[in-house]
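Reading through the structure tokens given below for one structure.
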Amino acid sequence: MKNSFCHTIGIQYPIILGGMARVGTAPLAAAVSNAGGLGLLGAATWSASELKEQIHRTRELTNKVFGVNIPVRSKRADDIVSTVIKEQLTVVSTSAGDPRVYTAQLKENGIFVMHVVPNVEFAVKADNSGVDAVIAEGVESGGVTSRDEITTFVLVPRVVDAVSCPVIAAGGIGDGRGLAAALALGAVAVQMGTVFLAAEECEVSREFKEMLVLAKETDTTLLRSEKGAVRTIADAFYQEAKNTVSKNQPQSNTTFSTRGCGQVAGLIRDIRPVSVLVQEMIRDANKILPKIRENLPGVEER
Ligand SMILES: Cc1cc2nc3c(=O)[nH]c(=O)nc-3n(C[C@H](O)[C@H](O)[C@H](O)COP(=O)(O)O)c2cc1C
Numbered sequence: 002m003k004n005s006f007c008h009t010i011g012i013q014y015p016i017i018l019g020g021m022a023r024v025g026t027a028p029l030a031a032a033v034s035n036a037g038g039l040g041l042l043g044a045a046t047w048s049a050s051e052l053k054e055q056i057h058r059t060r061e062l063t064n065k066v067f068g069v070n071i072p073v074r075s076k077r078a079d080d081i082v083s084t085v086i087k088e089q090l091t092v093v094s095t096s097a098g099d100p101r102v103y104t105a106q107l108k109e110n111g112i113f114v115m116h117v118v119p120n121v122e123f124a125v126k127a128d129n130s131g132v133d134a135v136i137a138e139g140v141e142s143g144g145v146t147s148r149d150e151i152t153t154f155v156l157v158p159r160v161v162d163a164v165s166c167p168v169i170a171a172g173g174i175g176d177g178r179g180l181a182a183a184l185a186l187g188a189v190a191v192q193m194g195t196v197f198l199a200a201e202e203c204e205v206s207r208e209f210k211e212m213l214v215l216a217k218e219t220d221t222t223l224l225r226s227e228k229g230a231v232r233t234i235a236d237a238f239y240q241e242a243k244n245t246v247s248k249n250q251p252q253s254n255t256t257f258s259t260r261g262c263g264q265v266a267g268l269i270r271d272i273r274p275v276s277v278l279v280q281e282m283i284r285d286a287n288k289i290l291p292k293i294r295e296n297l298p299g300v301e302e303r
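Quick note, the working numbering runs 1 ahead of the 1-based positions in the sequence shown.
Structure follows, in structure tokens:
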């Protein structure tokens, strides 16, 4: 069976590493691309030269396709866009801003543009501005998210019905069940962040990864501000987990390099290489499909 989205991008599996500011670095992006998915570098906080370095580092680690996330409203966005074009990347995600700002320029340079949206209104705007795909991200997701608080399960089919371009599901997806469900909702692929934070190749601290393994789905909180909302590990859990993890590693130099994290942390059970995670997801999603058939009574002919 051919997934035309994968075919267009040049990847094997419909699994995307979402761009993650500070933590979506070359080793993680390359590992996801090497595993058959699409790795996106999280460029939000990098200068043009830092991004260039990360792109070169990624190219040393993989010969597969990878891309960059461009946060549109960031003051660095112009620099990110010109670096992406100069470096001849072929795919980007744009987020946090108006998709009309860069889409035409990126597409003129042959770049596939996927825009992250939190609701149907923005999805339609993105579709009308000519993006190649939208990434519908539910409120379960880690990092900056929307104040609309629409869950992935509702958002994805609503967006699928409202736009003409392909839809990618993000937020709360962490295993083969999530992948199968996203495809059932009409998505062509999934984008994940939180689950990849705990992968071996992610450059966050070991302590933070162990904290993710300990976290339950109730251990995150949505911090709201005038500008939007950010899902992070809840403070009470953070303080408690910090003590637990530090107790087990008295020598360690605890850094806890990020606190952005989605509810799907509740599904993380261990720290694994990306390739194992991706293979397991694909294998499990394939196993689930016949089971769905078994559990679904056929329509009675009347
Ligand atoms: C620590 C962290 C940082 C993130 N930074 C960004 C970012 O810079 N730009 C962006 O578009 N999305 C960002 N995201 C969202 C991810 O790209 C992805 O869409 C999201 O994590 C998917 O939901 P999940 O966390 O439930 O897997 C971030 C997520 C996390 C967990």
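Backbone N, C-alpha and C define an ideal beta-carbon position, used for all residues, glycine too.
Counted as a single uninterrupted DSSP element, the beta strand (DSSP E) harbouring T95 occupies residues 92-96. Contact check between the region 94-110 and the region 68-75: three or more CB pairs, one atom from each, fall below 8 Å, which counts as touching. Judged by DSSP in its simplified three-state form, P72 adopts strand.
Annotated as distal: T259 and F197, with beta-carbon spacing of 8 Å or more. Within 10 angstroms of the beta-carbon of S147 lie 16 or more other beta-carbons, which makes it buried. A straight line joining the alpha-carbon of S5 with that of G11 spans about 10 Å.
Using a Cβ-Cβ distance cut-off of 8 Å, the region 259-276 and the region 157-173 are in contact, since at least three pairs of beta carbons, one from each stretch, lie closer than that value.
A contact is defined here as three or more CB-CB pairs under 8 Å, and the region 208-225 fails this definition with respect to the region 176-194.
Looking only at S247, T63, I56, A49, the smallest Cα-Cα distance to R207 is reached by S247.
Across the structure, Q13 and C7 are spaced so that their CA atoms are roughly 6 Å apart. Per DSSP, the beta bridge partners of H116 are T95, V135. In this structure, V275 lies near A32, with their beta-carbon atoms less than 8 Å apart. The beta carbon of S34 lies closer than 6 Å to those of G40, T63, K65, F67 in the same chain, with the five residues before and after it left out. The criterion of a C-beta distance shorter than 8 Å is satisfied by E204 and P28. In the same chain as A127, and ignoring 5 residues on each side of it, the C-beta atoms closer than 7 Å to its own belong to P100, H116, V118, V135, in chain order. According to the DSSP assignment, V145 belongs to the beta strand (DSSP E) that extends over 144-146. Here T222 is bridged, per DSSP, to T233. Restricted to the region 250-297, the alpha helix (DSSP H) segments that are unbroken, complete and at least 4 residues in length are 275-296, listed in chain order. Setting aside the 5 residues that flank it on each side, D236 is surrounded in the same chain by T222, each with a C-beta closer than 8 Å to its C-beta; the list follows chain order.
Boundaries of the beta strand (DSSP E) around L18: 16-18. Inclusion of G144 in the 7 Å shell around ligand 1 follows from its C-beta lying nearer than that to a non-hydrogen atom of the ligand. Of the candidates V85, T59, G38, V85 places its Cα closest to the Cα of A49.
Taking a 10 Å sphere around the C-beta of T59, we find 16 or more other C-beta atoms and assign the residue as buried. At a cut-off of 7 Å, the beta-carbon of V102 does not count as near ligand 1: no heavy atom of the ligand is closer than that.
Within 10 angstroms of the beta-carbon of A185 lie fewer than 16 other beta-carbons, which makes it exposed.
Under DSSP, the beta-bridge partners assigned to V168 are V135. Counting of Cβ neighbours within 10 angstroms places A36 among the buried residues, the total reaching 16 or more.
Secondary structure note for G299: it is in no beta strand (DSSP E), with a DSSP letter that is neither H nor E. Beta-carbon to beta-carbon, A183 and V160 are separated by about 12 Å, too far to satisfy the 8 Å threshold. Within the same chain, Cβ atoms closer than 8 Å to the Cβ of I293 are found at A181, A185, the five residues on either side in sequence being excluded.
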